[in-house]
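Here the structure is laid out as structure tokens; the discussion comes afterwards.
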Amino acid sequence: MKINKRWEIPWHIIFFIFILVLLYPIFYALGFSLKSLQDAYNSPLSIIPKNITFENFNQLFTSLPALKITWNTFVIASVVTIFKIITSFLAAYAFVYFIFKGKNVIYFFLISTIFLPFTITMIPNYLIISSLGLADSVWGVILPQLADAMGIFLLTQAMRSIPVSLIEVARLDNMEHWRIMKDIVLPLVRPAVTSTSIWFFIMAWNEYVWPVLILKTVDNYTLPLALQMYISSEGGTNFTVAMAVSVITMIIPLTLYLTFQKYIIGTFVSSGIK
Amino acid sequence: MTTTILSIKNKEGRIQKIAPYALLLPSLIVLGFFMFWPFLYTIYLSFFDWNMVSTTKEFVGFENYIDVLKDPVTWKVMGNTMLYIVLLLAVNFVVPYIFAYVVEFVLQRMKGFYKSAFFLPAFISLVVGSILFTWILNPVSGPVAIIAGWFNITIPIWSKLDGWVIVVITLITSWKIWGYHFILLFASISGISKEVIEAARLDNIPLWRIFFRIVVPMSSSTGIYVFIITIVQGLQFAFTPIKVITQGGPNYASSNVIYQAFHEAFVLYRTGHSAALSTITMIIFIFLLIVEFKFVERRIYYENK
Amino acid sequence: MKKVYSLMFLLLLVTGLAACTGEKEESSSEAATNSEGKTVIEYWHVNAETQGGKTVEELVSSFNEQSETVEVVAKYNPDMYKGLMQNLQAEAAAGTSPAVVQVGWAFLDYFSNTFEYTEPQTIIDQHFPDDKTFLTDNFLPNILDLAVNNEGKQVGIPYSLSTPVLYLNKDLLREAGLDENGPKTWEELKTFAEAVKEKTGKYGLYIQEPADNWATQALLESNGAQMITNGKATFASEEGIQAYSLWADLVASKSALHIGWDQGVQSFIDGNVAMLYTTIAQRSNVQNNAKFDVATVKSPAWEGKQVKLPAGGAMLAITAKGEEQQKAAWEFMKYLYSVESIAKWTEGTGYVPPREGVADAENGLKQFLEENEMMQAAIDQMDVVVPWTSFPGDAGLQAEQMLIDMRDQVLSGSITVEEGLKQTQEQINSLLQ
């Protein structure tokens, strides 16, 4: 225990500096969302605005159906996250606890999709979505994202850490698969499920390349698209309104995270189960 | 009730055979339609000269591949990609590994605070991050330049300098993804049995040796995962700051294979070239995946072995 | 804890599904005709909120209110005309298309070679005999010519017009002991920029560096160079090299800033650059946010030579298929080109009006121009507008890209101006064959 003390202080200092650098841009965004654009240009150094103004938020809410847009984003991110987790969980369960023909080949092919850049999938997927008549709809954005090889990979890794004997005992007790999943596997891989869900949610929440292609009418927009409306190379970017959009974009997943944080971190700790 | 045991066995046997496929079905359908089909289509397109729209598609054999491989820009971009990978790994694999270890085993206070604070930037989209850093790191008039000016330091015009531009874009990308990698590694490291570490400490083994001898091997299943997503996801994430800040410039100095495939397909509309480049990239990645399967996978520590 | 978890899960699932079913009902009402029997057409634009996005919305909704037969749905495309082209490509691949699109000048040839479109006059002749002379009545021939491609077809109608102007930080110029009305010629501008650097330590000039060669073309062609002659690149002439050298020398001596567009404009607005050479579309951004004494002057000339400025902005082209859609497209376009609409458009976007009878009309821009003096420089130089070079053929966009790549090489000093221009010209010409 004594070894620790010597190292603790320097590490705290390193971490504090590190966190300062990490969080500076976030405070910058917060401060500038409350500044006028003119102030933003002319006082780039001061984070705290001299004259606080809500004009940026006001402009956002009057020119766009911001609540509807936030709602759309929430729906897309939630549905995508839930489905990705479920499909990944089922697939991982199959890979870890079953022996079947073609297992390695299927696993290899599924995992290899992690490497596919979106430039490959963009146009062909648009053709599918468009031919299904789902262009300009929230479902069109959701559909191609119902499964994710990253999730399969991560949950497979997590499930492999569970002692096989636990499952074997359950099978000998004639426990059904869905109950094994629910009562044995899920609690044990919950840290992986939680961290993956958070990441999937954040990813879907902030995605813009695919929704830009699919969504057309403002009523169907998502927050990252609303942000794009304030970015223009030719007319100049309205930095402060863009920051107002990003504050709103940030605040919702952040609130969710902080609300459930105690619980989320709890799951990480509980992974100490052997 | 007398025949149940047998019938259950039969039924079980059948379920046992069908079940894995049924469980895989949702993922297979979605990934099949929205990943495999586009990939096969891309391979097909890499043999044609086409711009996605015109009605004529000219079969050109391997000409696209030859063009791509002969183009000096391709090699420049491949070199950039290697540099991106090295930098991404340093910042998003090595650093979070060490930090996670320190937070879990070296520090005793503030653990919760660090865990939350490290993860915060992950909530912000990279588009926002890119605009923010364009302002903050403006070498003429941004806050960093002003502060550096007090000490008579001039910030180089990084967006126009070879090398620098990749460093800055990597840092912007890392700012977002770093925290997630930290959380993953932390979760894995905190799962390592405390007794083992304590015993090692009582034997006065230095911290760095504990890290390499015990912690890294015992968390290697997550480690390999983070290693892979750092490379694959990292290159994809870097796309956004490249697109927002430099559009691949100056003279391709910031482009990586992902951005270049986009540039060929959606800026120059050379679909065939883009498809060939993507296919080459995929072949390299899949080769790495096979290496991982064949050699690395065996050495990874799984607790249930 | 377990309960909280499953509760959260359930909550998300239910809300998610509820919302989605709601969504479905809404989207099913959207078809080629809406519930009132109006023809629904799509209008694709690139106007962000800072660039007239609001005006697009206003124009579309006021059109929809007054039209009994047509309903327009506007779609915003991020990332300017390049972004719009990307989305249009996906749409075309899927076999559908919007009715009216904004096409940036640099994409004139690519667009007309690649996508199906109908010349506006064709539709007018078929369905609207009353409008037969609408184009010739309301547009100057040199302006209409901007939308004529290499094959001589009138691809669309000019809608957004911009030219590059020189923005001045008068305070900085005064501080450097210079004429606050700015330089008239590029030669003068060079001494101005160097003086600013020497006297104030700040940058004298920033010339915009987006992913196109618009400003470069203005600089070179004003000196008598030609970007393209009879389908061949010819910019590496003596005049071209001379013009480019001025820029490269200024960058080399740190009198001019070599940086991305956003950061360059930002540095002008916060007072670190004395002169900014960029599009008039940046006017409201500069005017509203600069705290110093700011003004615009016309694009500088080269001593004794005629200024030639490429038109920036876009035209409206009709990609509608089928008679109903095409008729609706023209009805909408005609509305957009009315004096009142164009006046609103100019006020909202900061572009120069493309048609006649707007700038001085009472129901047009008279008052606006009095209030925004910085617009005047752009309006005054409309007579020297030339088409923005659009390289012909399938490799046109690639040629454009080579010039952008060359710009970075030359300005960073990794290649001399002469070498750079000659080499690039050769490459482009072998590509265009």
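In order, the protein sequences belong to chains A, B and C. Just so you know, the UniProt record's numbering puts 195 at position 195 of the first sequence, and the rest follows in order with no gaps. Just so you know, the UniProt record's numbering puts 191 at position 191 of the second sequence, and the rest follows in order with no gaps. Just so you know, the UniProt record's numbering puts 137 at position 137 of the third sequence, and the rest follows in order with no gaps. All C-beta atoms, glycine included, are put in the ideal place defined by N, C-alpha and C.
Spatial neighbours of residue i in its chain, beta-carbon cut-off 8 Å, leaving aside the 5 residues before and after
i                     : result
residue 369 (chain C) : 359, 375, 376 and 379
residue 122 (chain A) : 209, 210 and 213
residue 404 (chain C) : 211, 212 and 213
residue 6 (chain C)   : In this predicted model, residue 6 (chain C) has a pLDDT of only 49, less than 50, meaning its place in the structure is not dependable enough to derive any value.
residue 285 (chain B) : 232
residue 59 (chain C)  : 335, 336, 341, 344 and 345
residue 296 (chain B) : 224
residue 217 (chain A) : 136
residue 286 (chain C) : 167, 265, 268, 269, 276, 294 and 374
residue 129 (chain A) : 135, 140, 143, 144 and 214
residue 106 (chain B) : 207
residue 29 (chain C)  : Annotation note: pLDDT 33 at residue 29 (chain C) (below 50); position unreliable, coordinate value reported separately. If we look at residue 29 (chain C) and ignore the five residues flanking it on each side, its Cβ neighbours are 35.
residue 425 (chain C) : 233, 234, 235 and 236
Neighbourhood of residue i by C-beta distance below 7 Å, restricted to the same chain and skipping five residues each side
i                     : result
residue 240 (chain B) : 126, 127 and 130
residue 68 (chain A)  : 219
residue 207 (chain A) : 224
As assigned by DSSP and simplified to three states, the class of residue i
i                     : result
residue 316 (chain C) : strand
residue 185 (chain C) : strand
residue 204 (chain C) : strand
residue 213 (chain A) : helix
residue 119 (chain C) : coil
residue 25 (chain C)  : Annotation note: pLDDT 38 at residue 25 (chain C) (below 50); position unreliable, no value reported.
residue 358 (chain C) : coil
residue 163 (chain A) : coil
residue 30 (chain C)  : Residue placement at residue 30 (chain C) cannot be trusted, given a pLDDT of 39 that sits under 50; what the coordinates show is reported in the next sentence. Looking at residue 30 (chain C) - three-state DSSP - the assignment turns out to be coil, as it is neither helix nor strand.
residue 267 (chain B) : coil
residue 309 (chain C) : strand
residue 117 (chain A) : coil
residue 199 (chain B) : helix
residue 140 (chain B) : coil
residue 301 (chain C) : strand
First and last residue of the uninterrupted alpha helix (DSSP H) at residue i
i                     : result
residue 39 (chain C)  : From DSSP, residue 39 (chain C) is part of no alpha helix (DSSP H) but of the beta strand (DSSP E) over 39–45.
residue 87 (chain A)  : 66–97
residue 246 (chain B) : No alpha helix (DSSP H) holds residue 246 (chain B); DSSP gives it neither H nor E.
residue 57 (chain C)  : 53–66
residue 82 (chain B)  : 72–89
residue 39 (chain A)  : 37–42
residue 109 (chain B) : Here residue 109 (chain B) belongs to no alpha helix (DSSP H), and DSSP marks it neither H nor E.
residue 429 (chain C) : 417–432
residue 152 (chain C) : Counting along the chain, residue 152 (chain C) falls outside any alpha helix (DSSP H), and DSSP gives it neither H nor E.
Cross-strand partners of residue i (DSSP beta bridge)
i                     : result
residue 295 (chain C) : C:168
residue 49 (chain B)  : B:58
residue 434 (chain C) : Because residue 434 (chain C) is not part of the residues shown, which for chain C are 1 to 433, the question remains open.
residue 75 (chain C)  : C:44
residue 256 (chain C) : C:205
residue 102 (chain C) : C:316
residue 279 (chain C) : C:164
residue 273 (chain C) : C:203
residue 158 (chain C) : C:315
residue 386 (chain C) : C:310
Limits of the beta strand (DSSP E) - the one that residue i falls within
i                     : result
residue 190 (chain B) : Neither: residue 190 (chain B) is in no beta strand (DSSP E) and is coded neither H nor E.
Own chain residues within Cβ distance below 6 Å of residue i, not counting five before or after
i                    : result
residue 42 (chain B) : 275 and 278
residue 87 (chain C) : 77
*For the 8 Å Cβ check, are there 3 or more pairs between the stretch 250–257 of chain A and the stretch 149–164 of chain B?*
no
*How about the stretch 33–48 of chain C and the stretch 86–106 of chain C: do they share at least three Cβ pairs that are nearer than 8 Å?*
yes
*Any contact of the stretch 183–202 of chain A with the stretch 113–121 of chain A, i.e. 3+ C-beta pairs under 8 Å?*
no
_Segment contact flag, the stretch 347–358 of chain C with the stretch 317–333 of chain C, C-beta cutoff 8 Å, min 3 pairs_ = no
*If you pair each beta-carbon of the stretch 237–251 of chain B with each one of the stretch 385–402 of chain C, do three or more pairs fall below 8 Å?*
no
*Counting pairs of Cβ atoms below 8 Å between the stretch 86–103 of chain B and the stretch 160–177 of chain B, do you hit three or more?*
yes
*Is the stretch 111–120 of chain C in contact with the stretch 139–159 of chain C, if contact means three or more CB pairs nearer than 8 Å?*
yes
*asked:* With a threshold of 8 Å, are at least 3 pairs of Cβ atoms found where one atom belongs to the stretch 186–194 of chain C and the other to the stretch 298–306 of chain C?
replied: yes
_Using 8 Å as the cut-off, can you tell me whether the stretch 33–45 of chain A makes contact with the stretch 112–124 of chain B, which would need three or more C-beta pairs spanning the two stretches below that distance?_
no
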